[in-house]
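Following: one structure in structure tokens, then a few remarks.
Number of protein chains: 2
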Amino acid sequence: MIDVKTLCLGVLSRGDASGYEIRKEFEEGPLSHFSDAGFGSIYPSLKRLLDDGQITMLPHNGDGRPDKKLYRITPSGRHALYQALIKPPSADKLRSDLMFILSFGHLLPPRHLDRIIGDRISDYRHLIATLEVEGSTAHRTPGERFVEGMGLALYRAVATYLEEHRHELVAAALMESQVA
Amino acid sequence: MIDVKTLCLGVLSRGDASGYEIRKEFEEGPLSHFSDAGFGSIYPSLKRLLDDGQITMLPHNGDGRPDKKLYRITPSGRHALYQALIKPPSADKLRSDLMFILSFGHLLPPRHLDRIIGDRISDYRHLIATLEVEGSTAHRTPGERFVEGMGLALYRAVATYLEEHRHELVAAALMESQVA
DNA sequence: TCGTTATATATCGTACCGATGCATCACTTG
DNA sequence: CAAGTGATGCATCGGTACGATATATAACGA
Chain C
1 MIDVKTLCLG VLSRGDASGY EIRKEFEEGP LSHFSDAGFG SIYPSLKRLL DDGQITMLPH
61 NGDGRPDKKL YRITPSGRHA LYQALIKPPS ADKLRSDLMF ILSFGHLLPP RHLDRIIGDR
121 ISDYRHLIAT LEVEGSTAHR TPGERFVEGM GLALYRAVAT YLEEHRHELV AAALMESQVA
Chain B
1 MIDVKTLCLG VLSRGDASGY EIRKEFEEGP LSHFSDAGFG SIYPSLKRLL DDGQITMLPH
61 NGDGRPDKKL YRITPSGRHA LYQALIKPPS ADKLRSDLMF ILSFGHLLPP RHLDRIIGDR
121 ISDYRHLIAT LEVEGSTAHR TPGERFVEGM GLALYRAVAT YLEEHRHELV AAALMESQVA
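In order, the protein sequences belong to chains C and B. Numbering-wise, the UniProt record's numbering puts 175 at position 175 of the first sequence, and it's gapless, one number per residue. Numbering-wise, the UniProt record's numbering puts 135 at position 135 of the second sequence, and it's gapless, one number per residue.
Right, dumping it as structure tokens:
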């Protein structure tokens, strides 16, 4: 798996940013669908990237705010990023608490089961609606559009599957609960 | 996110198993699509579960093999599992190196781009074919069938999207490389 | 003016992941 | 039959990452 240092280099390759802004990118931007990093990983990474000379810290023009450190990628950093990008990508990884839980569906109260599935469906439907609006307004590179499209396709597939098979699972749980 | 201790309890709730067999479950079984755990997490977890009295170690009948420790879940362990299962599930998480790389598609050689996408498509197509055979033979609980179906639906969505949009991205990269 | 949200940096403990080491058994291949 | 290969099985260790938390200021509506 690509490490957080490389993820940060990726964000900085698009323009200068602070640690906070990098975080936001993983929370909201097109990269958010398939990458993630929290402060606890970003700040140590930036420190190490500085030490390695792959980024530099811009001198903050002392006038207004003393905080906010802006970082800029160096040629060495771009090279490191490129090297990481052309390495064969490792397999995709999906982690889902919900799916783990549902695989034990027969042990759970049918009503509860129905509720958590319903909740998740509306989560995804909201997310999809948001992305559909954003996608038409924000302008993106071809790569970003591709990735965002993949995210949308995946979310739709999940929501649709949940909608179409929800009742099967709940019905099975109901049978189970009547036996017990 | 659900921790590895709980994941182990989940596997053991279906029957006694060794650490190695638990690992296999996350590598091949229906749980493999949305959960994961390696030896480095499983063995320490089993140790802690033993200490907490949520599992017991079966006495290996000393005849043949001295290795292979079999573990069995206790009532206390089943309770802990249930408590974890009824907690509201955290959001799904997708991690994909490939998508990160493709979001920088315009920086990469078009031929390379085309190759890694093609490779991934055939990976998924093979996986899908395997699952389609397995799904009809192996017998599963309703929950397991549900989760396996979701896995299949997702893999199909990914493969289809890659196939349908591959050329767009490669074309954009080609334009870019001709400008530079 | 007061509470809440957003901006912003940073650390600390824990959990986790990947790599590695070791040993045995079964199977196959020369 | 020997030798190698791959599966079974246990275990640890170092590095990395995650989640929670602390702190402080700016902005903004009630």
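We treat Cβ as the ideally placed atom computed from N, Cα and C, and that holds for glycine. Remember, it's a predicted structure, so these values are computed and weren't measured experimentally.
When Cβ-Cβ separations below 9 Å define contact, Val-147/C makes contact with chain B.
In the same chain as Ala-17/B, and ignoring 5 residues on each side of it, the C-beta atoms closer than 8 Å to its own belong to Val-11, Glu-25, Leu-70, Tyr-71, in chain order. About 6 Å separates the CB atoms of Ala-173/B and Leu-108/B; that is less than 8 Å, so the two are in contact. For Leu-58/B, DSSP records a beta bridge to Leu-70/B. For Lys-93/B, the enclosing beta strand (DSSP E) begins and ends at 93-95. Judged by beta-carbon spacing, Thr-141/B lies beyond the 9 Å limit of Leu-81/B, meaning their Cβ atoms are not closer than that value. Fewer than three Cβ pairs drawn from the segment 130-144 of chain C and the segment 152-165 of chain B lie within less than 8 Å of each other, which leaves the two stretches out of contact. When C-beta distances to chain B are compared with 7 Å, the residues of the segment 91-104 of chain C below that value are Asp-92, Lys-93, Leu-94, Arg-95, Ser-96, Asp-97, Leu-98, Met-99, Phe-100, Ile-101, Leu-102, Ser-103, Phe-104, in chain order. Taking 8 Å as the upper bound for CB-CB distance, Leu-102/B and Val-147/C are in contact here, some 6 Å apart.
Sorting Glu-144/B, Ala-159/B, Gly-105/B, Glu-164/B by C-alpha distance to the C-alpha of Met-175/B places Gly-105/B at the top. Between the alpha carbons of Tyr-124/B and Leu-46/C lies a distance of about 35 Å. Within the segment 118-139 of chain C, not one residue has a Cβ closer than 7 Å to any Cβ of chain B. Annotation for Asp-51/B: the continuous alpha helix (DSSP H) segment containing it runs 39-51.
Interface residue (Cβ-Cβ distance to chain C less than 9 Å): Gly-77/B is not classified as such.
Shown here, Ala-138/B sits in coil according to DSSP, grouped into three states, outside any helix or strand. Pairing Gly-53/B with Ser-76/B gives a Cβ-Cβ distance under 9 Å. Note: Ala-17/C is bridge-paired with Tyr-71/C in the DSSP secondary-structure output. Interface residue (Cβ-Cβ distance to chain B less than 9 Å): Glu-27/C is not classified as such. The Cβ of Thr-160/C sits closer than 9 Å to at least one Cβ of chain B.
Interface criterion met: the Cβ of Ala-157/B is under 9 Å from a Cβ in chain C.
In the three-state reduction of the DSSP assignment, Pro-110/B falls in the helix class. For Glu-144/B, the closest Cβ of chain C is nearer than 9 Å. In chain order, Ser-13 place their CB closer than 7 Å to the CB of Arg-78/C, counting only its own chain and leaving out the 5 sequence neighbours on each side. By the CB criterion at 9 Å, Arg-48/B and Ser-35/C fall outside the cutoff. Against chain C, a Cβ distance below 9 Å from Phe-34/B picks out Leu-94, Arg-95, Ser-96, Asp-97, Leu-98, Met-99, Phe-100, Ser-103.
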